[in-house]
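Quick note on numbering: the sequence shown equals residues 2 to 275 in this note's numbering. The block underneath contains the structure these notes are about, expressed in structure tokens.
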Amino acid sequence: MFVPFLIMLREGLEAALIVSLIASYLKRTRRTRWFGAMWAGVIIAAALCLALGLFINATTGEFPQKQQELFEGLVAVIAVIILTWMVFWMRKVSRSVKAQLEEAVERALQTSGGGWALVLMVFLAVAREGLESVFFLLAAFTQDVGSAPPLGALLGLLSAVMIGALIYWGGVRLNLAKFFKWTSLFIIFVAAGLAAGAIRAFHEAGLWNHWQEVAFDLSATLSTHTLFGTLLEGVLGYQEAPTLSEVAIWLLYLIPALLLFFMPARATSRALSQ
Numbered sequence: 002m003f004v005p006f007l008i009m010l011r012e013g014l015e016a017a018l019i020v021s022l023i024a025s026y027l028k029r030t031r032r033t034r035w036f037g038a039m040w041a042g043v044i045i046a047a048a049l050c051l052a053l054g055l056f057i058n059a060t061t062g063e064f065p066q067k068q069q070e071l072f073e074g075l076v077a078v079i080a081v082i083i084l085t086w087m088v089f090w091m092r093k094v095s096r097s098v099k100a101q102l103e104e105a106v107e108r109a110l111q112t113s114g115g116g117w118a119l120v121l122m123v124f125l126a127v128a129r130e131g132l133e134s135v136f137f138l139l140a141a142f143t144q145d146v147g148s149a150p151p152l153g154a155l156l157g158l159l160s161a162v163m164i165g166a167l168i169y170w171g172g173v174r175l176n177l178a179k180f181f182k183w184t185s186l187f188i189i190f191v192a193a194g195l196a197a198g199a200i201r202a203f204h205e206a207g208l209w210n211h212w213q214e215v216a217f218d219l220s221a222t223l224s225t226h227t228l229f230g231t232l233l234e235g236v237l238g239y240q241e242a243p244t245l246s247e248v249a250i251w252l253l254y255l256i257p258a259l260l261l262f263f264m265p266a267r268a269t270s271r272a273l274s275q
């Protein structure tokens with residue numbers, strides 16, 4: 002429940018900040034008549050992402066077991082890529098996102114179909130956050146069934162909407178730099194667990210059968226049947242007896258990601274562009 006909550010809080014807050022910045026710019030430049038176009042873009046993007054998530058979730062249950070495992074592995078890989086991109090993209094553009102959004106709004110409103118251009122611009126900005134959430138939540142739900150993950154996601158989204166409203170109307174100040182920094186660090190560990198889960202799913206699908214020896218067995222000291230073990234399994238993808246391939250993928254993802262994360266932002270940008 003906690004991981005879906007945190008992801009939806011972060012993604013929802015990013016979307017809320019985007020909408021808040023656009024609304025503030027429209028209000029400051031006395032263009033509040035375009036609020037309808039802005040909200041139309043938000044609603045269409047949210048409806049599309051929700052429909053896509055429900056459709057994929059409903060259809061995958063009809064797959065045979067091996068195909069379902071393959072699908073879960075592919076979704077986990079996509080989620081890892083999206084989460085990693087999200088962490089380093091936000092780190093790179095956090096200082097200039099306001100100026101970029103205002104410039105995009107200005108360009109949209111100066112076109113001949115300004116209203117429709119603004120709808121499209123807001124739609125693309127919000128849909129990107131929504132699609133990121135869809136693929137991550139699909140990966141999270143396949144690894145943790147029951148009502149808790151959807152409830153956590155809903156609570157995270159509602160919290161993000163409330164914080165966004167407080168920032169816009171209530172003048173609440175939030176240290177977003179620290180918020181995104183620490184949630185990004187946590188997300189890197191979540192993505193590492195998803196990467197290990199992906200290789201496990203590919204093995205169940207019959208695509209990966211190498212290094213399946215048990216690397217270590219902690220069932221006697223930290224079983225997934227204990228409260229703390231269950232918490233680690235749900236949050237970080239912990240396994241009490243992982244295979245060599247799972248440990249290898251976990252380390253191959255986590256070590257480079259942490260090194261890039263703790264590098265200075267400009268150095269990280271150069272490293273990713275090479």
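Every residue, glycine too, gets a C-beta built ideally from N, C-alpha and C.
Nearest-angstrom Cα separation, counted from residue j out to residue i
{"i": "L119", "j": "A100", "result": "16 Å"}
{"i": "Q69", "j": "A206", "result": "8 Å"}
{"i": "I250", "j": "A242", "result": "15 Å"}
{"i": "L110", "j": "A17", "result": "21 Å"}
{"i": "A193", "j": "L259", "result": "11 Å"}
{"i": "L121", "j": "F217", "result": "51 Å"}
{"i": "A196", "j": "P151", "result": "21 Å"}
{"i": "E33", "j": "K179", "result": "In the sequence as displayed, the identity of residue 33 is Thr instead of Glu. Roughly 32 Å between the two C-alpha positions."}
{"i": "T85", "j": "L159", "result": "24 Å"}
{"i": "M91", "j": "F262", "result": "12 Å"}
{"i": "V146", "j": "K67", "result": "With a pLDDT of 44 at V146, under the threshold of 50, the modelled position of that residue is not reliable, and the figure given next carries that caveat. Between V146 and K67, the C-alpha separation is close to 18 Å."}
{"i": "L53", "j": "V76", "result": "14 Å"}
{"i": "C50", "j": "A221", "result": "43 Å"}
{"i": "R31", "j": "E247", "result": "55 Å"}
{"i": "R253", "j": "A46", "result": "Here residue 253 turns out to be Leu, not Arg, going by the sequence shown. Distance between the alpha carbons of L253 and A46: 35 Å."}
8 Å Cβ shell around residue i - same chain, five flanking residues per side excluded
{"i": "L155", "result": "M9"}
{"i": "F190", "result": "L237, L255"}
For residue i, the nearest candidate out of the options (CA to CA)
{"i": "T227", "options": "A216, F217, Y239", "result": "Y239"}
{"i": "K93", "options": "T244, K182, R29", "result": "K182"}
{"i": "V81", "options": "R31, A221, G131, A199", "result": "A199"}
{"i": "W73", "options": "H204, I19, L53, L7", "result": "For clarity, residue 73 is Glu in the given sequence; the question names Trp instead. The candidate whose alpha carbon is nearest that of E73 is H204."}
{"i": "G13", "options": "L138, R31, T222", "result": "L138"}
{"i": "V4", "options": "I188, T33, A59", "result": "I188"}
{"i": "A24", "options": "L125, S220, W170", "result": "W170"}
{"i": "W209", "options": "L245, L7, L132", "result": "L245"}
{"i": "F6", "options": "A166, A77, G230, A141", "result": "A141"}
{"i": "K28", "options": "P65, S220, V106, L75", "result": "V106"}
{"i": "V43", "options": "G131, L167, S220", "result": "G131"}
Spatial neighbours of residue i in its chain, beta-carbon cut-off 7 Å, leaving aside the 5 residues before and after
{"i": "G116", "result": "W35, A38"}
{"i": "T184", "result": "L7, R11"}
{"i": "T231", "result": "T225"}
Contact set for residue i: own chain, Cβ-Cβ below 6 Å, skip 5 residues either direction
{"i": "L22", "result": "K99, L102"}
{"i": "E234", "result": "T225"}
{"i": "S148", "result": "Any reading at S148 needs caution, since the residue's pLDDT is 47, under 50, leaving its predicted position unreliable; the model's value is listed next. So no residue of the chain qualifies."}
{"i": "A161", "result": "L10, G13, L14, A17"}
{"i": "A126", "result": "I19"}
{"i": "A48", "result": "none"}
Problem set entry | Residue ranges of each beta strand (DSSP E) within the segment 170-208, 3 or longer | Those beta strand (DSSP E) runs which fall completely within the segment 170-208 and span 3+ residues do not exist here.
Problem set entry | Length-filtered (3 minimum) beta strand (DSSP E) runs lying within the segment 211-241 | none
Exercise. Whole alpha helix (DSSP H) runs in the segment 35-122 with 4 or more residues, listed along the chain?
Worked result: 36-61, 66-94, 98-110
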